[in-house]
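Single-structure report; data block below.
Residue numbers (the numbering used here), protein chains in the order written: chain A, -16 to 164; chain B, 41 to 435.
This is the structure:
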């Protein structure tokens, strides 16, 4: 009985968590593209104006970023100015929650058919590498290891801490700017 | 409870064995199809492989309404549009693709256009675009390797944009795959070897990559056993129809396995090498397989060790210590490649192909890194890693 009453609250909490994580990740993608040369190198191969979307099917939370040139991303929030070039779609919010709460690695979620790729797969692979790089920076190593296929050996603590601080500062600033606007 | 989860889907009716082609009329009738069109290529027709298909249909009073035999090795949107126009003009109601990967992919794409309407196949590109079942579609493979007869994917080149368009939908799966040993009896030795190694690679990667599951494992191991037991026998006795059937079945089983569990780095490198150096896909698979397994070794030691049973048989498996089985599996594959080199000079290194230069390796590595199959490789691959595997495969 109690479980039945709590269930809607749990679903609501899960939905809010996924929405919040998309907002953080979208802003963090923009931030990491401003501070990390490796991410910039990866992103430079994407066409200028390239729109990347992560979303929960059928009409759930969305994360949309645009490559604005020189390896830099711009976070568009949850609405795109035009149809996305590549969309990674979680089949259900429960699957998005598994990945965004680091219970399932992104690569495992792909392997488990938790999500679909719509668009050029090579760009989706590139964006996944960028997401992995971002997660390796912003998450504590013990959690990052649960999120990415392999934690990068060459990412040492000083570099990680400095980059993570820069990214979190930019994310926080962006949140404040959005709230003011 | 673990997080284990998988999906497995294969609704294709497999019609395999002696006189399998003669089942086509009955199966078409069962789907209310009376006016089939054959889609094939000139090589298949010149080899006389259409004759038994046509004879099997005519003998049952089923007329083949139209035959398109000009599918190129890399099929294009224009070819698909042209074939669809003929299909409509002749009022056909079903498609029989006879051939290898290109003819089968073309048949799948034509089926989209004639079922969904229109002339622009590009608008159906992508995953999950199709929402309805298509027209009756049969596949008669003439090679034993691609497994395209049981995959839900087709790739067609958009000539204008210069890109390859992928189409993915379970509706692309044929209603039936007809596996008849007559269709592969005349395959030349080097194609027999390369395509069988393609099937072997599908099965090995299916069994060792990230999306492996109990059902795909069963198909993969059965396919590996069949290729291991029959390939060299067929190389020495090319007219042995039982051996040919074994290889054809292995190809279909490996196709079912990998279409449900995907493939990994061997395919990423193979796709890139095929695009840059124009080497046949099966050859690339055979070439890279042991080097990639060595790269992945510590991540896949347990499943790779299990494969020794299917590669070498129970006696060698039992006599090999568990800790050495993974290495022994790689050795078994190397031994098989050496035997094929001896029989038909199937290259074992990039240098032996004579078509790759060492300065192309960087480009191949870069392209491989963006290939979709790399997502399913059990071990993360960096540019440096891919380059190192290529260097080992060089000579």
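By construction, the Cβ of each residue, glycine as well, lies at the ideal position given by its N, Cα and C atoms.
Can you tell me the Cα-Cα spacing of residue i and residue j, whole angstroms?
i: residue 24 of chain A; j: residue 370 of chain B; result: 36 angstroms
i: residue 53 of chain A; j: residue 27 of chain A; result: 6 angstroms
i: residue 293 of chain B; j: residue 11 of chain A; result: 44 angstroms
i: residue 157 of chain A; j: residue 164 of chain A; result: 10 angstroms
i: residue 55 of chain A; j: residue 13 of chain A; result: 7 angstroms
i: residue 260 of chain B; j: residue -11 of chain A; result: 45 angstroms
i: residue 77 of chain B; j: residue 117 of chain B; result: 18 angstroms
i: residue 41 of chain B; j: residue 8 of chain A; result: Any reading at residue 41 of chain B must be qualified, since the residue scores a pLDDT of 49, below 50, and its modelled position is unreliable; the value itself is stated next. Cα-Cα distance, rounded: 29 angstroms.
i: residue 77 of chain A; j: residue -3 of chain A; result: 8 angstroms
i: residue 365 of chain B; j: residue 346 of chain B; result: 7 angstroms
i: residue 324 of chain B; j: residue 313 of chain B; result: 7 angstroms
i: residue 415 of chain B; j: residue 434 of chain B; result: 24 angstroms
i: residue 317 of chain B; j: residue 396 of chain B; result: 6 angstroms
i: residue 430 of chain B; j: residue 92 of chain B; result: 43 angstroms
i: residue 238 of chain B; j: residue 305 of chain B; result: 14 angstroms
i: residue 36 of chain A; j: residue 75 of chain B; result: 44 angstroms
i: residue 400 of chain B; j: residue 34 of chain A; result: 31 angstroms
i: residue 16 of chain A; j: residue 392 of chain B; result: 43 angstroms
i: residue 223 of chain B; j: residue 290 of chain B; result: 15 angstroms
i: residue 54 of chain B; j: residue 149 of chain B; result: 21 angstroms
i: residue 74 of chain A; j: residue 164 of chain B; result: 20 angstroms
i: residue 142 of chain A; j: residue 124 of chain A; result: 13 angstroms
i: residue 68 of chain B; j: residue 432 of chain B; result: 50 angstroms
i: residue 119 of chain B; j: residue 211 of chain B; result: 21 angstroms
i: residue 82 of chain B; j: residue 64 of chain B; result: 22 angstroms
i: residue 205 of chain B; j: residue 100 of chain A; result: 14 angstroms
i: residue 154 of chain A; j: residue 160 of chain A; result: 10 angstroms
i: residue 114 of chain B; j: residue 152 of chain B; result: 18 angstroms
i: residue 169 of chain B; j: residue 62 of chain A; result: 22 angstroms
i: residue 138 of chain A; j: residue 178 of chain B; result: 52 angstroms
i: residue 60 of chain B; j: residue 181 of chain B; result: 12 angstroms
i: residue 264 of chain B; j: residue 333 of chain B; result: 15 angstroms
i: residue 2 of chain A; j: residue -5 of chain A; result: 11 angstroms
Counting only the same chain and skipping the five closest in sequence on each side, list residues whose C-beta sits under 6 angstroms from that of residue i.
i: residue 147 of chain A; result: 120 and 121
i: residue 233 of chain B; result: 380, 384 and 386
i: residue 167 of chain B; result: 208
i: residue 270 of chain B; result: 283, 286 and 287
i: residue 158 of chain B; result: none
i: residue -14 of chain A; result: none
i: residue 58 of chain A; result: 9, 10, 13 and 48
i: residue 80 of chain B; result: 109, 138, 139 and 143
i: residue 341 of chain B; result: 366
i: residue 307 of chain B; result: 413
Going by the DSSP bridge assignment, what does residue i pair with across the sheet?
i: residue 444 of chain B; result: Residue 444 of chain B cannot be examined here, being either before or after the span of chain B that is shown, 41 to 435.
i: residue 50 of chain A; result: A:56
i: residue 208 of chain B; result: B:167 and B:193
i: residue 45 of chain A; result: A:38
i: residue 179 of chain B; result: B:137 and B:217
i: residue 101 of chain A; result: A:70
i: residue 56 of chain B; result: B:219
i: residue 198 of chain B; result: B:203
i: residue 116 of chain B; result: B:197
Below 7 angstroms, is the gap between the Cβ of residue i and the nearest heavy atom of the ligand NAD?
i: residue 355 of chain B; result: You won't find the ligand NAD in this model; it holds no ligand whatsoever.
Take residue i and list the residues in its own chain whose beta-carbon comes closer than 8 angstroms to its own, dropping the five residues that flank it on each side.
i: residue 50 of chain B; result: 190, 213, 296, 299 and 300
i: residue 57 of chain B; result: 219, 220, 221 and 285
i: residue 330 of chain B; result: 370, 373, 374 and 377
For residue i, I'd like the list of residues in its chain whose CB is within less than 7 angstroms of its CB, leaving aside the five on either flank, ordered along the chain.
i: residue 437 of chain B; result: Given that chain B is displayed from residue 41 to residue 435, the structure contains no residue 437 of chain B and the question cannot be resolved.
i: residue 247 of chain B; result: 257, 260, 261, 343 and 347
i: residue 104 of chain B; result: 76, 78, 94 and 97
i: residue 243 of chain B; result: 260, 263, 264, 294 and 297
> Along the region 97 to 112 of chain A, what residues have a CB closer than 9 angstroms to any CB found in chain B?
Replying inline: Residues of the region 97 to 112 of chain A with a C-beta atom less than 9 angstroms from some C-beta of chain B are 97, 99, 100, 101, 102, 103, 104, 105, 106, 107, 108, 109, 111 and 112, listed in chain order.
> At a Cβ cut of 8 angstroms, what residues of the region 67 to 80 of chain A count as close to chain B, listed as they run along the chain?
Replying inline: Taking 8 angstroms as the Cβ-Cβ cut-off against chain B, none of the residues of the region 67 to 80 of chain A qualify.
> Residues in the region 399 to 424 of chain B with C-beta within 8 angstroms of chain A's C-beta atoms, listed in sequence order?
Replying inline: So the close ones are 409, 410, 411, 412, 414, 415, 416, 419 and 420.
> What are the residues of the region 42 to 66 of chain B that lie near chain A, defined by any Cβ-Cβ distance shorter than 8 angstroms?
Replying inline: When CB distances to chain A are screened at a threshold of 8 angstroms, the residues of the region 42 to 66 of chain B falling below it are 43, 45, 46 and 47, in chain order.
> Along the region 67 to 82 of chain B, what residues have a CB closer than 9 angstroms to any CB found in chain A?
Replying inline: Answer set for the region 67 to 82 of chain B: empty.
> Residues in the region 120 to 133 of chain A with C-beta within 7 angstroms of chain B's C-beta atoms, listed in sequence order?
Replying inline: Listed by position along the chain: 132 and 133.
> Taking a cut of 9 angstroms between CB atoms, which residues from the region 162 to 196 of chain B lie near chain A?
Replying inline: Within the region 162 to 196 of chain B, those residues whose Cβ lies closer than 9 angstroms to any Cβ of chain A are, in chain order, 166, 167, 168 and 169.
> When Cβ atoms are compared, which residues of the region 80 to 96 of chain A fall closer than 8 angstroms to chain B?
Replying inline: Those residues of the region 80 to 96 of chain A that come within reach of chain B (Cβ to Cβ, closer than 8 angstroms) are 81, 86, 87, 90, 91, 93, 94, 95 and 96.
> If you measure beta-carbon to beta-carbon, which residues of the region 236 to 252 of chain B are closer than 7 angstroms to chain A?
Replying inline: Along the region 236 to 252 of chain B, going in chain order, the ones with a CB nearer than 7 angstroms to a CB of chain A are 250 and 251.
> When you check each C-beta in the region 204 to 219 of chain B against every C-beta of chain A, which residues fall closer than 8 angstroms?
Replying inline: From the region 204 to 219 of chain B, only 206 have a Cβ closer than 8 angstroms to chain A.
> Which runs of the alpha helix (DSSP H) spanning at least 4 residues fall entirely within the region 291 to 363 of chain B, listed in chain order?
Replying inline: As far as the region 291 to 363 of chain B is concerned, its whole alpha helix (DSSP H) runs of at least 4 residues are 305 to 317, 321 to 346, 348 to 352 and 354 to 359.
>> To test your reading of the DSSP string, which unbroken alpha helix (DSSP H) runs of 4 or more residues are found completely within the region 236 to 286 of chain B?
In response: The qualifying runs are 254 to 276.
> Where are the alpha helix (DSSP H) runs, 4 residues long or more, that stay fully inside the region 124 to 156 of chain A, in chain order?
Replying inline: Runs of the alpha helix (DSSP H) inside the region 124 to 156 of chain A: 124 to 130.
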